[in-house]
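Structure first, commentary second.
Numbering (the working numbering), first residue to last: 11 to 259.
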């Protein structure tokens, strides 16, 4: 049985200890998407470090709303910044080959991953300006099937939610006393005209989480799909391998 209150308290203690060891007196910079993950991380960090050390940053692309990020920061009483990345994304989308002068034909996946990587660059610029450390807000469910951008939202200095499923996070959100409209918010990638996560996957987070935790095995079709996504994206869950020469230099 998952004890949300116990794990919540352990998370708060872990965050407090991590900052003692890796940034005593530093602030935390959190990319605020308006989703449950960043909201929960912000609430945990506020409890661990105090509201005055938490900086929430909304980083919308052109045509993208705040998704309630400003409202969440106001509710938590933490510092709020908003940085628009529309021009930066446009510049990246229009990059040219210096030899041919032709626009580089970026794949659809490359185009989708540009904004998350720019957002992470923005968060580190803010962290270096305001004596901060950057949080990674990804959860185990997303990581399991590779639903994150390597060196984008999958980056950060510390990862409070990396070993917790979406189902477990909802329980932690309740233990934190957060409004249910944020805890139970339908997950999506925040892209304009995009469909909810579960619609794109073809299975629910509940199904995925039960499989991850060994509670229930889904149908063969869904199991095969989850296993395939997991296997293809395992490289995202580890740091780059480092070559070790046979001769010690």
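Using N, Cα and C, we set each Cβ at its ideal position, and we do this for glycine too.
Given the structure is predicted, the values throughout are model-derived calculations rather than measurements.
C-alpha gap between residue i and residue j, whole angstroms
i           : j           : result
residue 234 : residue 150 : 19 Å
residue 265 : residue 89  : Lying before the first or after the last residue shown, residue 265 is absent from the chain, which here runs from 11 to 259.
residue 135 : residue 230 : 45 Å
residue 85  : residue 14  : 22 Å
residue 295 : residue 105 : Residue 295 is absent from the structure shown; the chain starts at 11 and stops at 259.
residue 57  : residue 22  : 7 Å
residue 19  : residue 103 : 43 Å
residue 120 : residue 24  : 35 Å
residue 17  : residue 169 : 15 Å
residue 138 : residue 64  : 14 Å
Candidates the options, of which the one nearest residue i by Cα
i           : options            : result
residue 33  : 182, 167, 215      : 167
residue 213 : 195, 98, 232, 225  : 232
residue 49  : 226, 188, 251, 211 : 188
residue 62  : 45, 54, 72, 37     : 37
residue 197 : 30, 27, 25, 45     : 45
residue 128 : 116, 137, 98, 138  : 98
residue 185 : 175, 210, 53, 145  : 53
Cβ-Cβ separation, residue j to residue i (assumed contact under 8 Å), whole Å
i           : j           : result
residue 133 : residue 41  : 5 Å
residue 8   : residue 12  : Outside the shown range of the chain, which is 11 to 259, sits residue 8, and nothing can be said about it.
residue 130 : residue 172 : About 16 Å; that fails the 8 Å criterion.
residue 157 : residue 207 : 7 Å
residue 142 : residue 39  : 4 Å
CB contact check: residue i to chain B, cutoff 9 Å
i           : result
residue 122 : As a matter of chain content, chain B is missing from the structure shown, which is built from one protein chain.
Cβ-Cβ distance between residue i and residue j below 9 Å
i           : j           : result
residue 147 : residue 47  : yes
residue 155 : residue 249 : no
Is it true that the segment 93-108 meets the segment 66-76, where meeting means three or more beta-carbon pairs spaced less than 8 Å apart? Using a C-beta cut-off of 8 Å, the segment 93-108 makes contact with the segment 66-76, since at least three inter-stretch Cβ pairs fall below that distance.
Do the segment 73-82 and the segment 104-120 touch if we need at least three Cβ pairs shorter than 8 Å? Contact fails between the segment 73-82 and the segment 104-120, because fewer than three Cβ pairs, one in each stretch, are under 8 Å apart.
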